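Here's the structure we're looking at; comments come further down.
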Amino acid sequence: MAVNLSTPVPSPRRRLIPAHLRWPVGYAIAALLLFLVYYYRGYMSPEVSDFLQDWLPPTAINEALVWVICALGLNIVVGYAGLLDLGYVAFWAIGGYTAGWLMSEFFYQVQVHILGSVPATRPGIHLSFWFVLAAGAALCALFGALIGAPTLRLRSDYLALVTLGFGEIIPQVFYNGENIGGFNLSNGSKGITPVDPISVGPIRLGPFDLVWKYVIFVALAVLIIWMSLRLREGRLGRAWLAIREDEVAASAMGVPLMRAKLAAYALGAIAGGIGGVAFATHVNGVLPDRFNFSISIILLAMVVLGGMGNVWGVILGALVLAWVNSTGLPQLGNTLNEMTGQDLNLPSYNYLLFGGVLVLMMLFRREGFVPESRTRLVLREHGREGVSGEATLDYEAADDLAVPGTGTDVLVIGEERPDTGEDVRRERV
Amino acid sequence: MTQTTHAEVLRAPLRLQDIALRVSAVLILAGVTTWLVASLATSPVQFFSAAVAGLSIGALYALIALGYTLVYGIIELINFAHGDLFMLGTLFSAFLLTTVLGQTGASATAWVLFLVTLLAAMAFCATLNVGIEFLAYRRLRRAPRLAPLITAVGMSFILQFFGLKWNGSTQRQWPSVLPAEEFNIGGVVISYRFIIIFAVTVPLLLLMSWVVTRTRQGRAMRATAQDQDAARLMGIDVNRTISFTFALGGAMAGAAGVMYQQIIGSTRFDLGFQLGLVAFTAAVLGGIGNLTGAVIGGILIGLIQGLNDGAAYGLGQRWSQSVVFGILILLMVFRPDGLLGRSSGDRG
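Chains as they are written, first to last, in the working numbering: chain A, 2 to 430; chain B, 162 to 509.
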């Protein structure tokens with residue numbers, strides 16, 4: 002064998018950024034760019050500034066971040082654990098009202114100030130934004146567990162209905178809550194407004210400090226992203242994935258079904274609570290009629306569009322759909338109407354848009370646009386009824402995951418792909 | 162139970178959780194009974210008036226609930242879009258009877274045209290439902306459970322969009338061709354409209370029950386519901402049978418739509434969502450998949466809602482959604498199989 006030792010071994014192409022860091026680095030750069038753009042917006046030419054104000058207003062970006070936070074929470078429930086939650090808006094509402102209760106003059110009978118951002122002479126409960134975040138998260142986790150405990154033994158589609166019921170009841174309680182047995186819980190349809198500004202140490206953020214609010218919201222989103230990623234890797238995350246794919250098998254392997262599902266509910270709810278508190282400070286108040294069923298569906302569409310279970314995809318789905326909903330549709334409608342002279346009310350097409358996203362994605366690309374490799378295999382698999390279904394495997398997808406060199410598409414659970422270092426996880430072939 | 166011996170398994174010890182469940186079930190039932198008796202004792206006339214109103218809306222719920230229960234029985238899908246189909250039925254009825262046919266009051270012609278509208282709306286909703294099944298659900302029959310469920314939710318949103326474009330974003334009032342007169346039995350006011358609801362609903366329910374139990378197509382439906390593959394082996398066209406089921410459910414929703422629009426007199430684009438949920442609760446209450454159960458559940462839910470809205474100690478209309486969903490949740494906790502449902506291994 003004449004091996005020329007001087008020939009260099011063909012090494013795998015070195016990339017600037019390792020594959021598993023590409024998404025986070027990309028988002029970090031985008032977030033930084035956005036920050037710089039808005040920080041230095043005053044120095045830009047009026048045309049650019051106006052264009053940005055029309056097509057990418059800072060309020061829309063901050064709102065999109067709230068959507069990201071909530072969508073990531075829903076992703077834990079739907080994407081990780083495979084439990085359909087159609088009442089996620091309830092947690093958003095509870096988070097919002099926590100902010101309303103603890104950061105305003107609503108309870109004017111008492112005077113509690115703990116590092117609040119308003120002068121100490123004002124009535125009401127005024128806690129620091131950061132405490133309220135924790136309180137909202139804790140309250141939502143409690144409610145998540147309360148909702149979950151009696152209902153989680155039900156089959157998935159019943160569960161969807163019960164969560165939907167809770168998602169209707171809780172906003173209705175807030176809506177009718179100005180007199181519950183003589184107690185004013187939520188100020189009824191008037192809502193609670195205004196909410197205290199966010200304070201960071203001695204600095205108070207006024208309603209127009211959108212850039213700094215942006216920074217805070219990004220930080221909150223990063224917190225939730227970190228939580229999601231860590232959970233996904235850990236014992237609990239793996240238990241959820243097992244439950245999502247086959248509950249009976251997971252139970253047989255010793256996964257405590259109830260506890261894992263309950264944890265998914267409670268942890269998913271935490272994100273909803275944080276998003277709710279952030280949203281209350283974003284719009285400077287809480288109004289009950291904002292919390293309706295369509296919020297739950299939009300969140301679901303975000304999770305489905307981006308790719309159930311994949312954090313980076315869900316973020317992308319949330320950003321895109323939130324932008325389309327708040328800015329894209331109205332602006333596109335205005336531009337179209339100016340160009341064609343018609344009077345088309347494009348924002349009213351959002352029902353069609355979100356419904357269409359859900360139906361078309363389920364029909365043609367069930368795993369979402371940025372699929373997690375594992376979800377793709379599971380969702381593409383035919384024959385959930387065992388014997389009756391043609392138990393075919395999506396070979397194309399399996400090839401993507403096959404361990405090179407083994408010559409088969411038998412995949413090993415928890416094995417790392419030698420070429421990319423990605424986790425290859427696959428139970429049934 | 163860390164150390165389970167055989168004896169313990171055989172005796173199946175009553176766990177604390179079970180005791181707690183039973184005690185709370187008894188407490189809840191006792192509470193409801195007290196509430197009913199107290200309402201009845203305080204003002205019997207008010208109680209019975211509310212009950213009559215509740216019964217008639219309950220008959221409509223029964224019609225809608227049948228659509229849920231039929232579809233669930235055959236392909237185990239909660240058809241979220243069903244309520245919105247009903248909503249489109251109300252819009253169709255309003256536009257055909259009032260806008261196209263120009264009927265605004267009670268007359269002999271109006272009666273005939275009312276029946277025509279009823280049939281047309283049933284055909285309209287049936288066609289629509291079959292179309293939805295063909296376009297969306299059929300491809301997902303073998304997909305994981307989450308997929309058709311999410312599709313149905315999306316479909317519901319799409320139908321709401323069409324409702325929004327058809328009806329506008331606000332509630333609209335319509336004239337009714339049904340007589341508004343009332344009569345009085347011992348102080349309890351009963352409208353003729355309530356009688357008409359029953360006059361339409363009861364024959365429909367009987368017809369439906371005849372179709373399912375006596376006809377060839379009905380037998381095919383029951384066979385498909387039991388085992389699709391075995392049914393296919395027996396020469397049943399499963400696709401056609403499922404389409405037929407959707408048509409039947411859609412027709413019931415269409416009839417309910419016409420009745421609702423004529424009795425209540427208003428249309429909203431988001432009506433279907435809430436009424437659909439109530440009707441689904443009714444279907445679950447009766448035991449989903451069970452036709453008799455859906456009817457009984459619908460009437461019970463209507464009764465409860467009517468009493469809540471109108472009886473002496475009711476919470477009032479603004480809480481009626483919460484009360485109904487509260488029932489749904491309690492039901493899921495205590496009796497997920499419903500009143501008439503068979504108990505199945507995996508709870509539901």
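Even for Gly, the Cβ is constructed at its ideal location relative to N, Cα and C.
All values reported here derive from a predicted model rather than from experimental measurement.
Minimum Cβ-Cβ distance from A/D51 to chain B less than 8 Å: Answer no: the Cβ-Cβ gap between A/D51 and chain B never drops below 8 Å.
*asked:* Residues in the same chain with beta-carbon distance under 7 Å from B/I235, minus the five sequence neighbours each way, listed in chain order, please.
replied: For B/I235, where only same-chain residues beyond five positions count, the Cβ hits under 7 Å are M382, T385, A386, I403, T406.
Any idea what DSSP makes of B/E343, helix, strand or coil? Strand at B/E343.
Can you round the beta-carbon distance between B/T428 and B/N290 to whole angstroms, since I take them to be within the 8 Å contact cut?
Not confirmed; about 19 Å, so no contact.
Does the pairing of the region 421-439 of chain B with the region 317-331 of chain B give three or more beta-carbon distances under 8 Å? Three or more beta-carbon pairs separated by less than 8 Å link the region 421-439 of chain B to the region 317-331 of chain B, which places the two stretches in contact.
| request: Name, going along the chain, the residues of the region 137-154 of chain A whose beta-carbon falls closer than 7 Å to a beta-carbon of chain B. | output: If the cut-off is 7 Å between Cβ atoms, the region 137-154 of chain A has P151, T152, R154 near chain B.
Notebook entry, point to check: With C-beta atoms as the reference, is B/G454 less than 8 Å away from B/G410?
Noted result: For the 8 Å CB-CB criterion, B/G454 and B/G410 do not form a contact.
Inset, instruction - Have a look at A/L17 and A/L34 and give me their C-alpha separation to the nearest angstrom. - result: Computed Cα separation, rounded: 20 Å.
Quiz item: Can you name the start and end residues of the alpha helix (DSSP H) that A/L128 belongs to?
Solution: Going by DSSP, A/L128 is part of no alpha helix (DSSP H) but of the beta strand (DSSP E) stretching over 125-128.
**Asked** What residues from chain B crowd round A/N177, counting only those whose CB sits closer than 7 Å?
**Response** Chain B residues near A/N177: R479, W480.
Can you pull the chain B neighbours of A/N366, defined as C-beta to C-beta under 9 Å?
This sequence places Arg at residue 366 of chain A; Asn is not what is there. Those within 9 Å of A/R366 in chain B number zero; the least Cβ separation is about 11 Å.
**Message:** Taking the alpha-carbon of A/G145 as reference, which of A/Y350, A/L85, A/A265, A/P348 has the nearest alpha-carbon?
**Reply:** Of the candidates A/Y350, A/L85, A/A265, A/P348, the one whose C-alpha sits nearest the C-alpha of A/G145 is A/A265.
Quick check on B/R183 - is its C-beta less than 8 Å from some C-beta in chain A?
No, because no Cβ of chain A sits closer than 8 Å to the Cβ of B/R183.
Same chain, Cβ closer than 6 Å to A/P372, neighbours up to 5 away in sequence not counted: Cβ neighbours of A/P372 beyond the five flanking positions: G308.
* What is the rounded straight-line gap between the Cα of B/F229 and the Cα of B/F241? -> First, the amino acid is wrong: residue 229 of chain B is Tyr here, not Phe. Answer to the nearest angstrom: the Cα atoms are 8 Å apart.
Please confirm if the region 484-491 of chain B is in contact with the region 149-165 of chain A, defined as three or more CB-CB distances below 8 Å between the two stretches. Cβ pair count under 8 Å is three or more, so yes.
Residue of B/V439, B/L201, B/Q334 minimising C-alpha distance to B/A472
Residue B/L201 holds the alpha-carbon nearest to the alpha-carbon of B/A472 among B/V439, B/L201, B/Q334.
Within the 8 Å Cβ cut-off, does B/M316 reach chain A? Answer yes: the Cβ-Cβ gap between B/M316 and chain A drops below 8 Å somewhere.
Given A/Y28 as reference, the closest of A/L66, A/G43, A/Y39, A/M45 once Cα atoms are compared | Nearest option by C-alpha distance: A/L66.
**OP:** Report the residue ranges of all beta strand (DSSP E) runs contained in full by the region 208-284 of chain B; include only those spanning at least 3 residues, in chain order.
**Re:** Taking only runs of at least 3 residues, no beta strand (DSSP E) segment lies wholly in the region 208-284 of chain B.
| query | Counting Cβ pairs closer than 8 Å, one from the region 217-226 of chain B and one from the region 462-477 of chain B, do we hit at least three? | reply | Put simply, the region 217-226 of chain B touches the region 462-477 of chain B. At least three CB pairs are less than 8 Å apart.
- Query: Within 10 angstroms of its Cβ, does A/I271 collect 16 or more other Cβ (buried), or is it exposed?
  - Reply: Under this definition A/I271 is a buried residue.
| Buried versus exposed, by CB contacts within 10 Å (16 or more), A/E234 | Its Cβ having fewer than 16 others within 10 Å, A/E234 is exposed.
- Task: Taking only runs that begin and end inside the region 284-333 of chain B, name each unbroken alpha helix (DSSP H) of 4 or more residues, in chain order.
- Result: Unbroken alpha helix (DSSP H) runs of no fewer than 4 residues, entirely contained in the region 284-333 of chain B, are found at 307-328, following chain order.
- Message: So, at 8 Å on beta carbons, what are the nonlocal neighbours of B/M369 in its own chain, with the 5 sequence-adjacent residues on each side left out?
- Response: Answer for B/M369: L227, L409, M413, L452, listed in chain order.
* Beta carbon of A/S105 nearer than 8 Å to that of A/G117 -> Going by C-beta atoms, A/S105 is not nearer than 8 Å to A/G117.
Please report the straight-line C-alpha distance between A/V312 and A/L242, rounded to a whole angstrom. For A/V312 and A/L242, the gap between their C-alpha atoms comes out near 14 Å.
- Task: Locate the beta strand (DSSP E) running through B/Q422, then write down its first and last residues.
- Result: Counting along the chain, B/Q422 falls outside any beta strand (DSSP E), though it belongs to the alpha helix (DSSP H) covering 399-425.
inquiry  = What would DSSP say about B/V350, mapped onto helix, strand or coil?
reply    = Strand, per DSSP.
*asked:* Just to make sure I have the definition right: I need the residues of chain B whose C-beta is within less than 8 Å of the C-beta of A/L301. Which are they?
replied: Chain B residues near A/L301: I311, V314.
For the region 33-76 of chain A, list the alpha helix (DSSP H) runs that are entirely contained and at least 4 residues long, ordered along the chain.
Secondary structure in the region 33-76 of chain A: the alpha helix (DSSP H) runs of 4 residues or longer, each lying completely within the stretch, are 47-56, 59-75 in chain order.
Report task. Using 10 angstroms around the beta-carbon of A/F175, count the other beta-carbons present and answer buried if the total reaches 16, otherwise exposed. Result -> It counts as buried.
Check: Whose C-beta lies closer than 8 Å to the C-beta of B/A360 among residues of the same chain, with five residues either side of it excluded?
Finding: If we look at B/A360 and ignore the five residues flanking it on each side, it has no Cβ neighbours.
* Quick one: which chain B residues come within Cβ less than 9 Å of A/I298? -> Within chain B, the residues V314, G315, S317, F318 have their CB atoms less than 9 Å from the CB of A/I298, given in chain order.
(Q) Within the continuous beta strand (DSSP E) that includes A/H283, where are the two ends? (A) No beta strand (DSSP E) contains A/H283, which is instead part of the alpha helix (DSSP H) from 258-284.
query: With distances taken between CB atoms, is the gap from A/Y89 to A/G273 smaller than 8 Å?
result: Yes, these two residues count as a Cβ contact at 8 Å.
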